[in-house]
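A quick write-up on the structure given underneath.
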Amino acid sequence: QKEVEQNSGPLSVPEGAIASLNCTYSDRGSQSFFWYRQYSGKSPELIMFIYSNGDKEDGRFTAQLNKASQYVSLLIRDSQPSDSATYLCAVIQGGSEKLVFGKGTKLTVNP
Amino acid sequence: GAVVSQHPSWVICKSGTSVKIECRSLDFQATTMFWYRQFPKQSLMLMATSNEGSKATYEQGVEKDKFLINHASLTLSTLTVTSAHPEDSSFYICSAKTGNNNQPQHFGDGTRLSIL
């Protein structure tokens, strides 16, 4: 199985700062890239998805994709304590409909 | 939009009991539904992929006779854990998607299953 790698963290940032979450993937045929947020004891919640190289912005969240480098990131601006969660990077590999998840990065935003 | 409802959210039962979990897409027709299991502090593990009207495709190592999946309509899939034992205690989560392979999966709230 081809892999999705994330820094497991924990990543700790002060309130109001920018949190940067990174993810690399090994399957060059991957077409779709997703970021999910999972609070402790809860199920994942879709935050962003991106298909094309470049940036995609939605409110305080920006997803960045670089297919040549096989790299996808999530930036959270003006981080809030409520953003504290585990962020899961997920990829749909070429020819599949299954999500391949990274192990997640735990983010803590300190008031 | 893209709301997925999962029921029940929490089950405690005795060893040997069979437990049914329902997953419904409330505002869209789900061409594909997925069932995951997550143990504490671990990643989501895909158990099976289910398309409406056809047999589920199980991941390697998942017993299809123990985890029965029925996907009778475009808005409902069920997972039945048959003769559950304590080692089956886990957080079971369904997801649903519509359209082509590239569309995102939307997750239900999960079912926490505890077998005594």
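Protein chains in written order, with our numbering: chain A, 3 to 113; chain B, 1285 to 1400.
Glycine residues also receive a C-beta, built at the ideal position from the N, C-alpha and C atoms.
In chain order, what residues of the stretch 1300 to 1327 of chain B put their CB closer than 8 Å to some CB of chain A? T1316, F1318 and S1327
Which residues does DSSP list as the beta-bridge partners of S1373 of chain B? Answer is none; S1373 of chain B lacks a bridge partner.
What residues from the stretch 42 to 62 of chain A come within 9 Å of chain B, judged by C-beta to C-beta, listed N to C? G43, K44, S45, P46, E47, L48, F51 and Y53
Classify D80 of chain A: buried if its beta carbon has 16 or more other beta carbons within 10 angstroms, exposed otherwise. exposed
Which same chain residues end up closer than 6 Å to A1340 of chain B when comparing Cβ atoms and leaving out the 5 residues on each side of it in sequence? A1332, S1334 and I1353
Rounded straight-line distance, which links the Cα of R39 of chain A to that of I20 of chain A: 16 Å
With distances taken Cα to Cα, identify the nearest neighbour of L76 of chain A among A:G97, A:E99, A:A70 and A:F51. A:F51
Chain A contact residues for L1330 of chain B, given Cβ-Cβ distances below 7 Å: K100
Rounding to the nearest angstrom, what Cα-Cα distance links E7 of chain A and G56 of chain A in this structure? 20 Å
Chain A partners of F1351 of chain B, CB-CB under 9 Å? By Cβ distance, chain A contributes nothing, its closest Cβ being about 17 Å from F1351 of chain B, past 9 Å.
Residues bridged to G56 of chain A by DSSP? Under DSSP, the beta-bridge partners assigned to G56 of chain A are A:L67.
Below 9 Å between beta carbons: does that hold for L1358 of chain B and A1286 of chain B? no
What does P1388 of chain B reach in chain A if we use C-beta pairs closer than 7 Å? F36, L48 and F51
D60 of chain A, buried or exposed, once every other Cβ within 10 Å from all chains shown has been counted against 16: exposed
Looking at the C-beta of G18 of chain A, does it have a partner C-beta in chain B at a distance below 9 Å? no
Short Cβ contact (9 Å threshold) for Q1290 of chain B with S34 of chain A: no
Measuring CA to CA, which of A:S22, A:S32, A:S54 and A:T88 is closest to K100 of chain A? K100 of chain A has its Cα closest to that of A:S32, out of A:S22, A:S32, A:S54 and A:T88.
Helix, strand or coil at S42 of chain A [DSSP, three-state]: coil
Distance check for Y1320 of chain B and Q1344 of chain B, CA to CA, integer angstroms please. 13 Å
Closest Cβ-Cβ distance between L67 of chain A and chain B: below 9 Å? no
Identify the contact partners of I1377 of chain B in chain A, using a Cβ-Cβ distance below 7 Å as the criterion. Contact note: I1377 of chain B reaches chain A through S45, using a C-beta cutoff of 7 Å and chain order.
Can you check DSSP and say which residues form a bridge with K1381 of chain B? B:T1316
Going straight from the alpha carbon of V1303 of chain B to that of P1370 of chain B, what length do you get? 13 Å
Pick from A:S71, A:Q72 and A:V111: whose alpha carbon is nearest that of Y89 of chain A? A:V111
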